[in-house]
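A.B. asks: In the numbering used here, the protein residues as written are 16 to 241.
For every residue, glycine included, the Cβ atom is placed at its ideal position computed from N, Cα and C.
Mind looking over this structure? Questions follow.
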Amino acid sequence: QGEGSAREIAGAISEFNQYNEVDVLIVGRGGGSLEDLWAFNEEVVARAIYNSRIPVISAVGHEVDWTIADFTADLRAPTPSAAAELVVRQKDELLSELEHLRLRARSELNNKIKSLNNKLSALKDAYVLKYPLNFIQVYLQRIDGFSHRLRQKSGHILEVNRHRFVHLAEKLEALSPLRVLSRGYSIAFKLPEMKVVTDTSQINVSDRLKTQLKTGSFVSEVISKD
């Protein structure tokens, strides 16, 4: 209070704003006369509170005392002690919350241990772990069964394809020109292009022909044609 107190209050607010560790500011004082509290009505204090990046609680005088600082602050407390109670949590409240967190952590830990024990019990009773040799034997039998069926299937496929191949070979043999020639027929080729002659219109007198027989061939010249 007194002359210059408003500038000191404003300066203190600005100075605290330089520290990152400060979470909240309480601007206040105990009760007094209007003159004692007048510094909190000064414009310089009101602007300092308004411009503060740190939240400000105004706690000036008693509950019935109002100043301009109350209207520019983020929150008004009726007394300085009430402001302290707003920013500092009660010991009983902290202890209660700690106890709650402890019980919650213990419960979650117990549930996790119980879950792991259940999984371990399930694994312990699993057939594969109780009778590993039997488990392996079952799968070996399955592999043998698969191998046997695979061999059967492969043999069947090979046999089917062999029959198909024989059938196609017989068809090719029946259509072979050599089979035709063995029955006394021949094939005539017009020289020099070796074009098969199937009609007399394809040849002229003096043309040279190559005739293919079953065994061997000969070249002749067309003397006449009908």
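So what's E108 in DSSP terms, helix, strand or just coil?
C.D. replies: Walking along the sequence shown from the start, residue 108 turns up at place 93. Helix.
A.B. asks: Helix, strand or coil: how does DSSP classify V234 here?
C.D. replies: One-based indexing of the sequence shown puts residue 234 at position 219. V234: strand per DSSP, three-state reduction.
A.B. asks: Expressed to the nearest angstrom, what Euclidean distance is found between the alpha-carbon atoms of L131 and R121?
C.D. replies: To locate residue 131, count along the sequence shown from 1; it is residue 116. To locate residue 121, count along the sequence shown from 1; it is residue 106. About 15 Å.
A.B. asks: Since V60 contacts A25 with CB under 8 Å, what's their CB separation in whole angstroms?
C.D. replies: In the sequence shown, residue 60 corresponds to position 45, counting from 1. In the sequence shown, residue 25 corresponds to position 10, counting from 1. Indeed, because the Cβ distance is near 5 Å, the residues count as touching under 8 Å.
A.B. asks: What alpha helix (DSSP H) runs, 4 residues minimum, are completely inside the region 172-217?
C.D. replies: Listed in chain order, they are 192-196.
A.B. asks: Looking at C-alpha atoms only, which residue of E57, W53, R68, R44 is the closest neighbour of Y34?
C.D. replies: Sequence index remark: in the sequence shown, residue 34 carries index 19 (1-based). Selected option, being the one with the closest Cα: R68.
A.B. asks: Under a Cβ-count criterion, where at least 16 other Cβ atoms within 10 Å of its own Cβ denotes burial, should D38 be classed as buried or exposed?
C.D. replies: In the sequence shown, residue 38 corresponds to position 23, counting from 1. So D38 counts as exposed.
A.B. asks: Which complete alpha helix (DSSP H) runs does the region 37-70 hold, if anything under 4 residues is left out?
C.D. replies: Complete alpha helix (DSSP H) runs here, min 4: 58-66.
A.B. asks: Assuming L224 is part of the alpha helix (DSSP H), what are its boundary residues?
C.D. replies: As a first step, residue 224 is located in the sequence shown; it is residue number 209 there, counting from the start. L224 -> not in any alpha helix (DSSP H); beta strand (DSSP E) instead, spanning 223-227.
A.B. asks: Within the same chain, show all residues whose beta-carbon is closer than 6 Å to that of I202, passing over the 5 residues directly before and after it, in chain order.
C.D. replies: Counting from 1 along the sequence shown, the entry for residue 202 is found at position 187. For I202, where only same-chain residues beyond five positions count, the Cβ hits under 6 Å are Q227.
A.B. asks: Rounded to the nearest angstrom, how far is the Cβ of S239 from that of V212, given a contact under 8 Å?
C.D. replies: Position 224 of the sequence shown, counted from the first residue, corresponds to residue 239. Position 197 of the sequence shown, counted from the first residue, corresponds to residue 212. About 15 Å; that fails the 8 Å criterion.
A.B. asks: Does the beta-carbon distance from I41 to V102 come in below 8 Å?
C.D. replies: Walking along the sequence shown from the start, residue 41 turns up at place 26. Walking along the sequence shown from the start, residue 102 turns up at place 87. A contact, by the Cβ cut-off of 8 Å.
A.B. asks: Any idea if R117 is buried or exposed, counting beta-carbon neighbours within 10 angstroms, 16 or more meaning buried?
C.D. replies: Looking up residue 117 in the sequence shown gives position 102. Under this definition R117 is an exposed residue.
A.B. asks: With a Cβ-Cβ cutoff of 8 Å, do K229 and F204 count as a contact?
C.D. replies: Position 214 of the sequence shown, counted from the first residue, corresponds to residue 229. Position 189 of the sequence shown, counted from the first residue, corresponds to residue 204. No.
A.B. asks: Indicate whether I218 and V234 have their beta-carbon atoms separated by less than 8 Å.
C.D. replies: As a working mapping, residue 218 is identified with position 203 in the sequence shown. As a working mapping, residue 234 is identified with position 219 in the sequence shown. It is not a contact, given that the beta carbons lie outside the stated cut-off.
A.B. asks: Note down the Cα distance separating E112 from P70, rounded to an integer number of angstroms.
C.D. replies: Start at 1 with the first residue of the sequence shown, and residue 112 comes out as number 97. Start at 1 with the first residue of the sequence shown, and residue 70 comes out as number 55. Cα-Cα distance, rounded: 25 Å.
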